[in-house]
């Protein structure tokens, strides 16, 4: 049992509390301090996410609270906010128990491209304030977080001390003092907007550390990101992320210099963190990258961790817009289907009322008046048609009915004709629809396509299933969707290709390929505008047997031996290009100058000394002649 223990200061690292205990206890060795705190000397001094807290608490007495130590004096709340619930629980349990070796692996820090700070950091203004208030300074959590280079309280650029977080002596406790060696972070090259970004990151990091933001369900944060992407036009209503638009906007908002400083560069790749963070979270992403996404989507932690969903047409129920319905302009519609407009990519809502009225409009709704807007009426429904029948029977004129039902005259005429109503005006001719039962019609279509498929096989018995499919793609697609078993049963069986039993005479093949290679090399660059390098790959392509040389080269010893003799090194090829250029300049009667040779041969100034010497000797020989 510990007789005393220092009271932690606000935002003080537990490591810092241990360091103060070590100094005040008068222990000459940090291992003595470790033994007093944990009952054994083998516990490591971990600055960010220490373990064995159950043991520590059992020796401190009943007045200390585990959650207080973990959430207020370690980096747990910083990382746990973006972990899946099960991961966060496992990390906390590991900190309480003696499973410290698994903690950094669980949170993804060990494998992350975002590395922790190698030394402990301080704020000069915090030092003065701590000394005035407490008479001593201490290690603040906020200053140690990755990506935090500005103190969120004083807006002062932080200073890096000489105290390493990865010291060789892992059992050491280094106390913070005003005289500790330190140097100020150099941010002089950053613009005002970039410095403002770093300040915002520090402020959000502080909020993560001082609040308990935890996901209650898997992928809560990811789903919120997708909802925000939809609202801002970076994702379709179905959640498909528009990567081109997203990357362009993201890189225009954050400079490459800042992203490099924050260890989060953006590359347009499937495996880049900006692509994967919007996919289903199967692995952890560093908090600094979540913070960047939050700033990009202009959201905050409170909004990010609530359960609101994306509602492009507001929350239901929605208004019935059927003028003939007793519930007209009342919120009684509970059926809404959201799709994506193929032209604009915007959400399209299809609303279905119990009265049978079905309408759609393109969203999202921008104001309250949009609730009363109809884009397209897809179905008028029984109530509307009954009202039309009623108005016709009561002798209303076409114009009055059109105004009453808020439909144009052509629509009124169309439905009056369909309903067979007796009206004084001229009705359009309505073709009688096939009254055949839908099931019967479907079966007839299925039978028709089956017959077509069988007829094709009779006409072309030699063709495979794939070839027949290309001849009648519509027939194949219909049968594949509606009766796949029949299609598989009554299709040509797959012809098995019988492997040739004839053995390859590799000696003969070697002689044949060698002859082809020699001929290719003999006529190499014949008639070409510029020389090309002689390599195995180039030779293989030229004789149209690259695969043979790459995969069966061990069975063609004569050919491969010859290729190894004639293959050009880079230097040899460069010298041959020089000779080619010189010969061409001679033919054109142009002066042969060194810089011109470099230019026309496509050589850089940093070519090997051997090539440079070759060019110089060539020019000397020409001038001597």
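Numbering (this note's numbering), first residue to last: 13 to 637.
For every residue, glycine included, the Cβ atom is placed at its ideal position computed from N, Cα and C.
When the five nearest sequence neighbours on each side are left out, the beta carbons in the same chain lying within less than 6 angstroms of the beta carbon of residue 358 are those of 374, in order along the chain. Following the DSSP letters along the chain, one finds residue 607 inside the alpha helix (DSSP H) bounded by residues 606–612. In the DSSP assignment, residue 400 falls outside any beta strand (DSSP E) and lies within the alpha helix (DSSP H) extending over 393–405.
Contact between residue 364 and residue 345 holds: their C-beta atoms lie close to 7 angstroms from each other, under 8 angstroms. Three or more beta-carbon pairs separated by less than 8 angstroms are not found between the region 56–64 and the region 254–265, which leaves the two stretches without contact.
A straight line joining the alpha-carbon of residue 582 with that of residue 543 spans about 13 angstroms. Between the alpha carbons of residue 272 and residue 278 lies a gap of roughly 9 angstroms. With a cutoff of 9 angstroms on beta-carbon distance, residue 253 and residue 290 are scored as near each other. Per the DSSP secondary-structure output, residue 162 pairs in a beta bridge with 169. When the Cα atoms are used, residue 597 and residue 557 turn out to be separated by approximately 36 angstroms. DSSP, reduced to helix, strand and coil, places residue 541 outside both helices and strands of the structure shown, so it counts as coil. For the pair residue 209 and residue 270, the CB atoms are nearer than the 9 angstroms cut-off. Residue 494 and residue 236 have their alpha carbons spaced roughly 38 angstroms apart.
In this structure, 613 is the residue among 613, 604, 549 and 490 with its C-alpha nearest to the C-alpha of residue 541.
In the structure shown, residue 150 adopts coil according to DSSP, grouped into three states. Assignment of beta-bridge partners to residue 131 by DSSP yields 176. A residue is called buried once 16 or more other Cβ atoms fall within 10 Å of its Cβ, and residue 412, having fewer, is exposed. Between residue 217 and residue 126, the C-beta gap is not smaller than 9 angstroms, which leaves the two residues out of contact. Sequence-distant partners of residue 464 (beyond 5 residues in either direction) whose C-beta falls short of 6 angstroms from its own C-beta, in its chain, are 487. Residue 138 and residue 166 have their C-alpha atoms some 8 angstroms from each other.
Here residue 155 has 132, 133, 134, 135, 138, 163 and 170 as same chain residues with Cβ atoms under 8 angstroms from its own Cβ, once five neighbours each way along the sequence are excluded.
Taken in chain order, the complete beta strand (DSSP E) segments of 3 or more residues contained in the region 265–290 number zero; there are none. The beta carbon of residue 100 sits closer than 7 angstroms to the beta carbons of 92 and 226 from its chain, once the five residues preceding and following it are set aside; these are given in chain order. Within the model, the alpha-carbon separation for residue 18 versus residue 185 is close to 14 angstroms.
Leaving aside the five residues that flank residue 569 on each side, the residues in its chain whose CB is nearer than 7 angstroms to its CB run, in chain order, 522. Residue 628 counts as exposed, since fewer than 16 other C-beta atoms from the protein chains shown sit within 10 angstroms of its C-beta.
If you ignore the 5 residues before and after residue 534, its C-beta comes within less than 8 angstroms of no other C-beta in its own chain.
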